Amino acid sequence: EDKVVQSPLSLVVHEGDTVTLNCSYEVTNFRSLLWYKQEKKAPTFLFMLTSSGIEKKSGRLSSILDKKELFSILNITATQTGDSAIYLCAGITTSGTYKYIFGTGTRLKVLA
Amino acid sequence: SAVISQKPSRDICQRGTSLTIQCQVDSQVTMMFWYRQQPGQSLTLIATANQGSEATYESGFVIDKFPISRPNLTFSTLTVSNMSPEDSSIYLCSVPRAGDTQYFGPGTRLTVL
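Chain order of the listed sequences is A and B. Numbering-wise (this note's numbering), the first sequence opens with residue 1 and increments by one. Numbering-wise (this note's numbering), the second sequence opens with residue 113 and increments by one.
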């Protein structure tokens, strides 16, 4: 069965800290991995990773994929209170139909 | 990015009733997805709505409980039928965009008493 596991489940840090969020996946016919940020209801897209070892970067956020070890990390440097959210990763499988398999998310809280 | 709207944004319903959630996209799309996110849980795909054909339901979800309509390429509805408190969730529609990305609507927060 396809599954995506994220760790830690929750995290509390102070502004300015650096955090690393983990995502491991077992997805048949894996196509790519995506990271989303969910603050209220709708997840917003952060990164899409398809190739191993190529870092994607956007401001203070960066992410990388390791297709050999089947995991990805999301780094956030110099955290701000506005980074408080649930961070979701999803593996895309093309077994049968194109489908997202979501992890349970990491709930990040950044304290001022 | 796509502009997606959902109605209602939230509702509180009595058990045994039904609620229809609407999803409107600002451009034509072949596929629309409906997800459920129960409290403290991740997103689970309910079904894929294709225009001109029956929706494709994931394991554990059935048409009688979650009927879906897809009358055109910009609109879809999901009905949550005969609701129970276990149906209390956030319901999200999404559409595929560039590459493998999906854009999500603002969601509907449903509480069933």
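Beta carbons: idealized from backbone N, C-alpha and C, even for Gly. Only a predicted model underlies this, so the values are computations on that prediction, with no experimental measurement involved.
Legend: CB atoms of the region 76-90 of chain A lying less than 7 Å from CB atoms of chain B belong to residues L88.
For the pair G16 of chain A and A112 of chain A, the CB atoms are not nearer than the 7 Å cut-off. According to the DSSP assignment, N162 of chain B belongs to the beta strand (DSSP E) that extends over 156-162. Excluding its 5 nearest sequence neighbours in each direction, F47 of chain A has C-beta neighbours in its own chain below 8 Å: L34, W35, K56, S58, L61, S63, L74, listed in chain order. When the Cα atoms are used, A90 of chain A and V4 of chain A turn out to be separated by approximately 7 Å. Linking I76 of chain A to D176 of chain B through their CA atoms gives a straight-line distance of about 43 Å. B:P208 is the residue among B:P218, B:P208, B:R221 whose C-alpha sits nearest the C-alpha of F145 of chain B.
Every candidate alpha helix (DSSP H) stretch fails here, since none sits fully inside the region 51-96 of chain A while reaching 4 residues. Per DSSP, D176 of chain B has no beta bridge partner at all. For D83 of chain A, the closest C-alpha among the options A:Q6, A:K37, A:K68, A:F30 is that of A:K37.
Closer than 7 Å to the CB of I92 of chain A there is at least one CB belonging to chain B. DSSP places D123 of chain B in the strand class (E or B) of the three-state scheme.
Membership of T20 of chain A in the beta strand (DSSP E) is indicated by the continuous run 19-26. Secondary structure note for R107 of chain A: its beta strand (DSSP E) is the uninterrupted segment 106-111. Following the DSSP letters along the chain, one finds K99 of chain A inside the beta strand (DSSP E) bounded by residues 99-102.
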